[in-house]
Amino acid sequence: MCNVCGCGDSQIEQVNSDHHHDHPHDHHHGHHHEQPHSHSHAAAHQENPQPVIVHHHYHHQGDVHHHHYHYPDPSSQHQSHYQSQQQHTHSHDQHHAYPHEHSHGHSHGHSHSHSATHSHEEHHDHNHAHELTPEQSAHGDLHYGKGEAETHVAGVSQRKLIEIEMDVLSKNNHLASHNREHFNQANQLVLNLVSSPGSGKTTLLTETLKRIQQSDRACAVIEGDQQTTNDADRIRETGVDAIQVNTGKGCHLDAKMVHDACHQLGLEQDGLLFIENVGNLVCPASFDLGEKYKVAILSVTEGEDKPLKYPNMFAASQLMIINKIDLLPYVAFDVEACIENARKVNPYIQVLKLSATTGEGMEAWLDWLNNA
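For what it's worth, the numbering used here labels the leading residue of the sequence shown as 28, then goes sequentially.
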């Protein structure tokens with residue numbers, strides 16, 4: 028996982044609405060609600076409401092988390108294996124200007140301190156059982172994703188990284204299931220739009236909304252970015268309700284943020300909710316929001332190898348949209364190679380090719396939405 032997941036402050040715009048919901052759900056508090064309870068958000072919509080910021084603080088036993096689409100189950104052999112390992116910690120009273128490791132010829136289960144001064148003037152090699160040694164290729168390339176946790180963080184063991192990941196994702200998945208149950212009860216289609224920054228997600232979304240409005244289908248949008256309300260403002264210009272969720276240092280939306288934003292929006296029965304995630308091809312892959320489908324958007328300016336470089340995202344997506352095809356005459360992009368690469372990591376992924384700017388391929392996208 029990245030080193031900020033679950034630890035940044037998210038900011039969710041408050042809009043005034045008069046809906047309420049009566050269903051049991053969980054909160055990140057130190058108490059549990061055994062009985063269903065209701066929340067009411069009263070007052071009329073204002074023409075230009077001033078945003079009121081709601082802060083969420085998440086602390087999940089550390090601030091370094093690895094994202095991976097297939098994470099180990101708590102009851103799996105991974106956990107039992109790691110729990111059986113002995114632990115030991117040690118501290119150094121003095122500061123060192125560079126990271127180093129220590130090898131000890133004895134094992135113990137208690138902590139100890141090195142308070143004596145020792146010199147690093149001569150080159151020496153330390154090995155520590157907790158540190159991951161990267162796999163090296165013949166060219167000297169370093170692969171830090173080959174360990175049990177499939178990531179590396181200095182000073183954090185593979186076992187600890189897996190524990191943190193399991194803790195964070197299990198809590199998120201519980202909330203995502205709650206969201207999905209709510210969406211299903213309301214017969215709402217919810218899509219999680221994921222991509223790198225600049226792929227054209229917001230332009231595609233605004234053009235989609237303009238066309239859907241002609242069919243009178245109720246729509247709403249949750250916009251995720253680290254800062255600004257720029258994208259939500261663009262959506263509102265189409266006449267569609269939108270909530271901006273600013274994640275601060277966070278690099279993705281999570282199920283709690285979506286839960287809070289949804290109850291600000293109050294989407295109608297049988298409606299269509301688009302969630303535009305933070306521009307990032309890594310972190311959002313691991314976090315279920317309760318959506319029905321993930322839709323990965325890839326522009327032709329990014330290169331056809333992106334599905335291989337960021338396989339977790341494309342493995343988790345049901346549809347890949349190749350966007351900005353109007354630029355194909357001007358860029359070196361092999362459409363068929365891109366599709367082949369995507370299907371190497373996800374043989375079942377569907378593919379659409381379109382240009383949100385010229386409108387080419389938009390009808391196929393609208394047909395997909397109608398049949399989803």
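For each residue, glycine too, the CB sits at the ideal point set by N, CA and C.
Where residue i and residue j are concerned, what is the direct C-alpha to C-alpha distance, given to the nearest angstrom?
{"i": "GLU250", "j": "SER222", "result": "13 Å"}
{"i": "ALA176", "j": "ASN199", "result": "19 Å"}
{"i": "ALA181", "j": "GLU390", "result": "49 Å"}
{"i": "PHE314", "j": "ALA203", "result": "9 Å"}
{"i": "ILE366", "j": "TYR320", "result": "19 Å"}
{"i": "VAL248", "j": "LEU169", "result": "41 Å"}
{"i": "ILE191", "j": "GLY317", "result": "21 Å"}
{"i": "THR178", "j": "GLN163", "result": "15 Å"}
{"i": "LEU335", "j": "LEU159", "result": "24 Å"}
{"i": "ALA273", "j": "MET340", "result": "Correcting the residue identity first, residue 273 is Asn in this sequence and not Ala. Rounded to the nearest angstrom, the two C-alpha atoms are 21 Å apart."}
{"i": "ALA269", "j": "ILE262", "result": "6 Å"}
{"i": "GLN38", "j": "PRO161", "result": "37 Å"}
{"i": "ILE189", "j": "THR385", "result": "46 Å"}
{"i": "TYR171", "j": "GLN377", "result": "31 Å"}
{"i": "GLN254", "j": "PRO224", "result": "13 Å"}
{"i": "LEU381", "j": "GLN271", "result": "26 Å"}
{"i": "ILE324", "j": "PHE210", "result": "23 Å"}
{"i": "VAL79", "j": "GLU40", "result": "Interpretation of VAL79 is limited by its pLDDT of 32, a score under 50 that renders its predicted location unreliable; the figure taken from the coordinates is listed afterwards. Spanning the two alpha carbons is a distance of roughly 6 Å."}
If distances are taken between C-alpha atoms only, which option among the options comes closest to residue i?
{"i": "LEU379", "options": "ASN373, GLU387, VAL372", "result": "GLU387"}
{"i": "HIS205", "options": "HIS286, ALA247, ASP243", "result": "HIS286"}
{"i": "GLY293", "options": "LYS319, ALA245, GLN163, GLU190", "result": "ALA245"}
{"i": "THR256", "options": "MET340, LEU325, VAL305", "result": "VAL305"}
{"i": "ASN368", "options": "MET347, GLU190, THR385", "result": "MET347"}
{"i": "THR229", "options": "GLN240, PHE210, ASP252", "result": "ASP252"}
{"i": "ALA383", "options": "PRO224, ASP353, TRP395", "result": "ASP353"}
{"i": "ASP394", "options": "ARG238, ILE189, ALA343", "result": "ARG238"}
{"i": "LYS351", "options": "SER326, ALA364, GLU331, ALA343", "result": "SER326"}
{"i": "LEU396", "options": "LYS276, GLN271, LEU218", "result": "LEU218"}
{"i": "THR235", "options": "PHE210, HIS209, GLY266, GLU208", "result": "GLY266"}
{"i": "ARG207", "options": "LEU220, CYS289, LYS187", "result": "CYS289"}
{"i": "ILE349", "options": "LEU231, GLU40, GLN185", "result": "LEU231"}
{"i": "VAL309", "options": "ALA342, MET284, GLU331, THR328", "result": "ALA342"}
In or out: residue i buried (at least 16 other Cβ within 10 Å) or exposed?
{"i": "PRO374", "result": "exposed"}
{"i": "LYS173", "result": "exposed"}
{"i": "LYS371", "result": "exposed"}
{"i": "GLY227", "result": "buried"}
{"i": "ASP260", "result": "exposed"}
{"i": "GLU22", "result": "Here the chain has residues from 28 to 399 only, and residue 22 is not among them."}
{"i": "ASP458", "result": "Nothing about residue 458 can be read from this structure; the chain reaches only from 28 to 399."}
{"i": "HIS166", "result": "exposed"}
{"i": "PRO311", "result": "buried"}
{"i": "GLU303", "result": "buried"}
{"i": "ASP27", "result": "No information on residue 27 is available, as it lies outside the stretch 28 to 399 that the chain covers here."}
{"i": "GLN241", "result": "exposed"}
{"i": "ALA364", "result": "exposed"}
{"i": "TRP392", "result": "buried"}
{"i": "SER344", "result": "buried"}
{"i": "HIS201", "result": "exposed"}
{"i": "ASN307", "result": "buried"}
Given 7 Å as the limit, tell me if residue i has its C-beta closer than that to any heavy atom belonging to the ligand ATP.
{"i": "GLY317", "result": "You won't find the ligand ATP in this model; it holds no ligand whatsoever."}
Taking 8 Å as the CB-CB limit, is residue i close to chain C?
{"i": "ALA399", "result": "Considering every chain present, this structure includes no chain C. It has just one protein chain."}
Which full runs of the beta strand (DSSP E) of 3+ residues lie inside the region 269-331, going along the chain? Runs of the beta strand (DSSP E) inside the region 269-331: 299-303, 320-326.
Given 8 Å, three or more beta-carbon pairs between the region 275-287 and the region 346-361: Touching, no, given that fewer than three Cβ pairs across the two stretches are closer than 8 Å.
Counting pairs of beta carbons, one from the region 296-311 and one from the region 213-231, are three or more of them closer than 8 Å? Segments in contact, yes.
Completely contained alpha helix (DSSP H) runs for the region 240-265, where each covers 4 or more residues: If you keep only unbroken alpha helix (DSSP H) runs of at least 4 residues inside the region 240-265, you get 257-263.
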